[in-house]
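Residue numbers (our numbering): 80 to 513.
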């Protein structure tokens, strides 16, 4: 079978299963089965071997531990402390709580690495407050959902760990590369909130006093040490990303049980159970997506794509735009992790063939996939925020689009100016990046 025929069968069946609402992990596995019947050299045991080989990666242990750290932080009341600090920082600006929403998402992103934990933890607290202060339900939901995507862009990011582990890219370099794009997206969202507040005559809070700011800062200081410990430890070479995830989980557990004393053993048991359940879903997706990717590689689909791109004589910018569009589309339909396993591994050699830096390629892909968290039909963060705000997705979409347009502008800048993502890694980790 030719690469074109194999690709048509795999992706065609996968889309059919998605339309039929088959869970993504099962849709990926089921799409592989006809190939095994049509190709006598392949056996079902190879499918299982490809799955288990993907699990045999030490770095993937970081996924459940970072999820655990995020869930522990949420349950320990860290979000309340971050909201108080954010209110002291930007609450006096027009549209105060909208800015608070964005800033607290940026701070929480540096702790959790999970956008869904961000949307659930922050949304449950701040959406009701925004509605009370005169924001429409749709705008409150839109700000919460769109700002939560920074959880996968600002380090530590679970997607960056999966990406680095699968494609042998420096995870420390990826973490550093996400800092500037994440900050730019946050600033773009704050500018959007500012314009909205001015146009709708939203009020302002009084500026926090030095004493109030000091109290809020001291209250959140231990939580804010988390990204310094994680990113600093990895960049400084003190521990690996997997070890960093364990340190983050232990640190979050110590804060909740011993320092803040907002957790008890019964609550910790529930958090462990929930984390295990969600981690199992993510890791099962990685396994079935790896089998899907194995078939694509077996029939030399990536090599065929490389040949097509070389014949088209595309440059880095054109390839970057193509990568962004591909991830924007697939992110609307499936979770980011299987999208990375399927599309990322296929496009990686294609991007290398035109001279695109692996970290630049990764950041374009991850930022593009972040859009899928707030765009239907997948839109998991949007679903969570809409459930909290008690409105339909259709009702929220207008304001979501308003907030996504500036984000799209930042993504375009990242594509055209690689230094946005590469400057910090080249400065702090030149031995792994250059």
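Cβ coordinates follow ideal geometry from the N, Cα and C atoms, glycine included.
What you are looking at is a predicted structure, and each value in this text was computed from that prediction instead of being measured.
Distance, residue j Cα to residue i Cα
| i | j | result |
| --- | --- | --- |
| residue 96 | residue 417 | 15 Å |
| residue 375 | residue 381 | 7 Å |
| residue 196 | residue 158 | 11 Å |
| residue 473 | residue 507 | 44 Å |
| residue 333 | residue 228 | 27 Å |
| residue 279 | residue 187 | 28 Å |
| residue 414 | residue 223 | 19 Å |
| residue 429 | residue 373 | 17 Å |
| residue 393 | residue 310 | 35 Å |
| residue 317 | residue 151 | 24 Å |
| residue 296 | residue 246 | 39 Å |
| residue 127 | residue 100 | 24 Å |
| residue 302 | residue 287 | 21 Å |
| residue 161 | residue 419 | 31 Å |
| residue 313 | residue 293 | 29 Å |
| residue 213 | residue 265 | 22 Å |
| residue 259 | residue 503 | 8 Å |
| residue 351 | residue 241 | 21 Å |
| residue 335 | residue 131 | 35 Å |
Of the listed residues the options, nearest to residue i (C-alpha basis)
| i | options | result |
| --- | --- | --- |
| residue 464 | 99, 104, 225, 154 | 225 |
| residue 207 | 165, 477, 468 | 468 |
| residue 164 | 209, 173, 481, 179 | 179 |
| residue 273 | 175, 340, 236, 168 | 175 |
| residue 291 | 167, 320, 214, 385 | 167 |
| residue 320 | 379, 252, 348 | 252 |
| residue 192 | 254, 84, 343, 504 | 254 |
| residue 121 | 491, 449, 500, 371 | 371 |
| residue 237 | 143, 510, 316 | 143 |
| residue 82 | 462, 102, 114, 268 | 114 |
| residue 198 | 461, 378, 340 | 461 |
| residue 343 | 300, 407, 155, 406 | 155 |
| residue 500 | 436, 265, 356, 466 | 436 |
| residue 487 | 377, 445, 110, 335 | 445 |
| residue 257 | 410, 440, 475 | 440 |
| residue 470 | 170, 263, 215, 182 | 215 |
| residue 308 | 298, 323, 387, 300 | 323 |
| residue 148 | 327, 265, 447 | 327 |
| residue 411 | 450, 132, 432, 423 | 450 |
| residue 509 | 408, 200, 184, 249 | 249 |
| residue 284 | 349, 177, 300 | 177 |
| residue 269 | 169, 466, 384 | 169 |
| residue 385 | 432, 103, 110 | 432 |
| residue 358 | 141, 304, 116, 289 | 141 |
Sequence-distant residues of its chain with Cβ nearer than 6 Å to residue i (five each side left out)
| i | result |
| --- | --- |
| residue 189 | 233, 306 |
| residue 478 | 217, 218, 221 |
Residue burial classification, residue i (beta-carbon count within 10 angstroms, cutoff 16)
| i | result |
| --- | --- |
| residue 87 | exposed |
| residue 218 | buried |
| residue 275 | buried |
| residue 457 | buried |
| residue 491 | exposed |
| residue 145 | buried |
| residue 330 | buried |
| residue 356 | exposed |
| residue 184 | buried |
| residue 498 | exposed |
| residue 406 | buried |
Other residues of its chain near residue i: CB distance less than 7 Å, five sequence neighbours each side excluded
| i | result |
| --- | --- |
| residue 494 | 396, 399, 400, 403, 443 |
| residue 244 | 136, 138, 139 |
| residue 459 | 195, 452 |
| residue 339 | 155, 156 |
| residue 210 | 216, 219 |
| residue 379 | 82 |
Contacting residues, own chain, Cβ-Cβ under 8 Å from residue i (five flanking each side not counted)
| i | result |
| --- | --- |
| residue 107 | 93, 364, 367, 368, 370, 371, 417, 421 |
| residue 481 | 221, 271, 275 |
| residue 267 | 485, 486, 488, 489 |
Any chain D beta carbon closer than 8 Å to residue i
| i | result |
| --- | --- |
| residue 416 | Among the chains in the structure shown there is no chain D, since it carries only a single protein chain. |
Q: Would you mind listing the alpha helix (DSSP H) stretches within the segment 160-216 that are 4+ residues and don't spill past its ends, in chain order?
A: Annotation: the segment 160-216 contains the following complete segments of the alpha helix (DSSP H) (minimum length 4 residues), in chain order: 175-191, 194-211.
**Q.** Uninterrupted beta strand (DSSP E) stretches inside the segment 106-170 (no shorter than 3 residues)
**A.** none
Q.
Report the start-end ranges of each alpha helix (DSSP H) in the segment 314-396 that is 4 residues or longer and not cut off at the edges.
A. 320-333, 344-377, 380-391
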